[in-house]
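Each remark here refers to the structure printed beneath this line.
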Amino acid sequence: MLYIIDKLLRNYYPYEYAESVFDIDYSALASMGYKAVIFDIDNTLVHHGDDSTPEVDCLFAEIHSAGLKTLLLTNNDEERVQRFIKNIDTLYVCDADKPLQDGYKKALDMLGVKAEEAICAGDQIFTDVLGANRTGIPSVLIHYVYIPGVTKIGKKRYIEKMILWFWRRSRKYSHRLGGIIKKEK
Ligand SMILES: [Mg+2]
408 MLYIIDKLLR NYYPYEYAES VFDIDYSALA SMGYKAVIFD IDNTLVHHGD
458 DSTPEVDCLF AEIHSAGLKT LLLTNNDEER VQRFIKNIDT LYVCDADKPL
508 QDGYKKALDM LGVKAEEAIC AGDQIFTDVL GANRTGIPSV LIHYVYIPGV
558 TKIGKKRYIE KMILWFWRRS RKYSHRLGGI IKKEK
């Protein structure tokens, strides 16, 4: 039974799950041979629509000094990205049309890396994870940035929770990146 569910859901399964982008061990990724990290912005790095924070600015500097390139891949527009990257030196693709593959392929081209040399980090299974999986880029699902009283939880989040429940029980598909999460909460 679980085997069949795995087969049905495999395109929606992330390679790994993290509570936050700050929980990923980027040095470990670099030493495993990864060369680039592709990030979603809204609800992954900051709450939807927010400017970057000093912590996020620092995180990008840390990732770069670990030897990894970065790229922001967002369905949002140029203005949103420009506002976000005031203090961040990074490549980006806006209006990406995730989960379609074109934006992901463009991102890989700009980074000059192969699909398996990058990871994609994002908060949504049906856009970030699905698009990355279709393109062959290992995906990390990030728990969405939650602000009590501000964040509305949509129906999709419940379906995502269900998919994650099966993912955690999947021997073949869960924790495929191994050892890149700094702390389990
Ligand atoms: Mg998002």
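Position 180, counted from 1, in the sequence shown is what the working numbering calls 587; the numbers after and before it change by one each time, with no gaps. Here a beta-carbon is modelled for each residue, glycine too, at the ideal position from N, C-alpha and C.
Looking at aspartate 447 and ligand 1, is the gap between the Cβ and the nearest heavy atom below 7 Å? Yes, the beta carbon of aspartate 447 sits closer than 7 Å to at least one heavy atom of ligand 1.
To the nearest angstrom, how far is it from the Cα of threonine 497 to the Cα of methionine 408? One C-alpha to the other measures close to 44 Å.
On the DSSP letters alone, give me the boundaries of the alpha helix (DSSP H) that valine 444 sits inside. No alpha helix (DSSP H) contains valine 444, which is instead part of the beta strand (DSSP E) from 443 to 446.
Return the CA-CA distance between histidine 550 and glycine 538, expressed in angstroms with no decimal places. Straight-line Cα distance between these residues: approximately 17 Å.
Less than 7 Å between the CB of aspartate 502 and some heavy atom of ligand 1, yes or no? Taking non-hydrogen atoms of ligand 1 into account, the C-beta of aspartate 502 is found less than 7 Å away from none of them.
Who are the near neighbours of threonine 534 in its chain, counting only those whose CB is closer than 6 Å to its CB and skipping five residues on each side? The residues Lys505, Pro506, in chain order, have a CB closer than 6 Å to that of threonine 534 in the same chain once the five nearest residues on each side in sequence are set aside.
Inter-residue Cα distance where the pair is cysteine 501 and leucine 478: C-alpha separation (whole angstroms): 10 Å.
Any heavy atom of ligand 1 within a distance shorter than 7 Å of the CB on threonine 497? Here the distance from the Cβ of threonine 497 to the nearest heavy atom of ligand 1 is not below 7 Å.
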